[in-house]
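K.L.:
In my numbering, the protein residues as written are 496 to 887.
Following this line, the structure appears as structure tokens:
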């Protein structure tokens, strides 16, 4: 549905929205690829970033892409709407289409993966940073969903990282979220008050998806989220990342071509949490699985090892020894065809788990230690940022 600014005499709230000020950081140099659907959040990002770079004389840095997932009628028209808006602004635009069969389950996750893959495939050869219009609302919902899935973990409370390196072939592209500190409502009010059009996405009302149910039901976890919560948890996450990276550097190495040693005595002391988080990462790496095993499962495995010499978790066999914990991948037939047989000398273009697809900036130190273990090139540094102010 096309949403237009009302033509009636503007009310005081509308006048306030029209003169609202926004401060946001953008990569200081290099091309920028804006990922824009027709919705209010991303259309606001398009106009605000365009105005910011008009002010600095840098609009030549901008390009725009719309991903058409082909999941519902009207998606092609929405991509055309974005293309026409970009034409009026004098910006280049590409429509990227997710082709092929779509999964019957896990559709949102698959669509997200396809979206980032298409965008990073376009951005990587240009050395461009991708901009995504996630807002504080998306952040609060993410924190609530992660807390539901693993209430014992502090990691999920940090929410989405403001930057994430998404892999594409042997390279990749940094993704930057400049509006995580803004509410979606404030962005849409600014569009309405400024007379700028956008379209509402019907999938935002589809209760098949967890995020939509959470949003519509006004879950108390979201309703009670305080401004700055995710930022504070994010700093905690970055501190933990540095500690985990240092732990892996100091305590984890190969003792055989397919066996890792974690040289650490797991005791209930101040280093325990860092050691457990490092162990979760190492298990995902050795087992070559996408996600780290849960905190409770890892604690249970350590309790088992206090009573016996062997346990299994995350497609790995873990043994106690004089070296510490010895970890090797299980050699089950169903895993063998997809596995790298010798992680200690992996192919140059190998992307290690659990960072096979992406590296959040608040996991960068940890990811680089895992990359060291398999001798693959380290994830590049995130872009340097410059703060832009729009409005009063």
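Idealized CB from N, CA, C, for every residue including glycine.
Computed from a predicted structure; not experimentally measured.
Count the other C-beta atoms from every protein chain shown that fall within 10 angstroms of the C-beta of residue 576, then say buried if there are 16 or more, exposed otherwise.
P.N.:
buried
K.L.:
Assuming contact is defined by CB atoms lying nearer than 8 Å, are residue 617 and residue 560 in contact in what I supplied?
P.N.:
Yes, the Cβ-Cβ distance between residue 617 and residue 560 is below 8 Å.
K.L.:
If you scan the segment 566-654 from start to end, which runs of the alpha helix (DSSP H) of 4 or more residues do you find wholly inside it?
P.N.:
570-584, 602-618, 631-644
K.L.:
What does residue 885 pair with, by DSSP beta-bridge criteria?
P.N.:
Note: residue 885 sits in a beta bridge opposite 517.
K.L.:
Between the alpha carbons of residue 883 and residue 807, how many angstroms are there, rounded?
P.N.:
51 Å
K.L.:
Whole angstroms is fine: what's the gap from residue 795's alpha carbon to residue 778's?
P.N.:
14 Å
K.L.:
Rounded to whole angstroms, how far is the Cβ of residue 781 from the Cβ of residue 755, which I believe are closer than 8 Å?
P.N.:
6 Å
K.L.:
Can you give me the C-alpha to C-alpha distance between residue 526 and residue 849, rounded to a whole angstrom?
P.N.:
28 Å
K.L.:
Among the residues of its own chain, which have a CB less than 6 Å from the CB of residue 538, if the five just before and after it don't count?
P.N.:
Same-chain partners within the cutoff: 693.
K.L.:
Considering only the beta carbon of each residue, do residue 864 and residue 766 sit closer than 8 Å?
P.N.:
no
K.L.:
Are at least three pairs of beta-carbons, each pair with one atom in the segment 556-571 and one in the segment 654-668, less than 8 Å apart?
P.N.:
no
K.L.:
Do you know whose CA, among 845, 861, 542, lies nearest residue 690's CA?
P.N.:
A check of alpha carbon separations from residue 690 across 845, 861, 542 identifies 542 as the nearest.
K.L.:
What does the alpha-carbon distance come out to for the pair residue 672 and residue 626?
P.N.:
6 Å
K.L.:
Where does residue 823 sit, in a helix, a strand or coil, going by DSSP?
P.N.:
strand
K.L.:
Can you find a CB in chain D that lies within less than 8 Å of the CB of residue 587?
P.N.:
Of the protein chains in the structure, only one exists, and it is not chain D.
K.L.:
Check this for me: beta carbons of residue 578 and residue 590, under 8 Å apart or not?
P.N.:
yes
K.L.:
Report yes or no: do the segment 726-742 and the segment 854-871 share at least 3 C-beta pairs separated by less than 8 Å?
P.N.:
yes
K.L.:
Within 10 angstroms of its Cβ, does residue 510 collect 16 or more other Cβ (buried), or is it exposed?
P.N.:
Note on residue 510: pLDDT 44, under 50, position unreliable in the model; the coordinate value appears next. So residue 510 counts as exposed.
K.L.:
Confirm, please, whether the CB-CB distance from residue 523 to residue 879 is below 8 Å.
P.N.:
yes
K.L.:
Evaluate residue 621 with the Cβ neighbour count: other Cβ atoms within 10 Å of its Cβ, from every protein chain shown; 16 or more gives buried, anything less gives exposed.
P.N.:
Burial call: exposed.
K.L.:
Counting C-beta neighbours from all protein chains within 10 Å, is the total for residue 817 16 or more, i.e. buried, or is it exposed?
P.N.:
exposed
K.L.:
Answer yes or no: do residue 888 and residue 886 have a C-beta to C-beta separation smaller than 8 Å?
P.N.:
Beyond the ends of the chain as shown, which are 496 and 887, falls residue 888; an answer cannot be given.
K.L.:
Would residue 550 be called buried (16 or more neighbouring beta carbons within 10 Å of its own) or exposed?
P.N.:
exposed
K.L.:
Which whole-angstrom value is the C-beta distance of residue 820 and residue 757, which I expect to be below 8 Å?
P.N.:
4 Å
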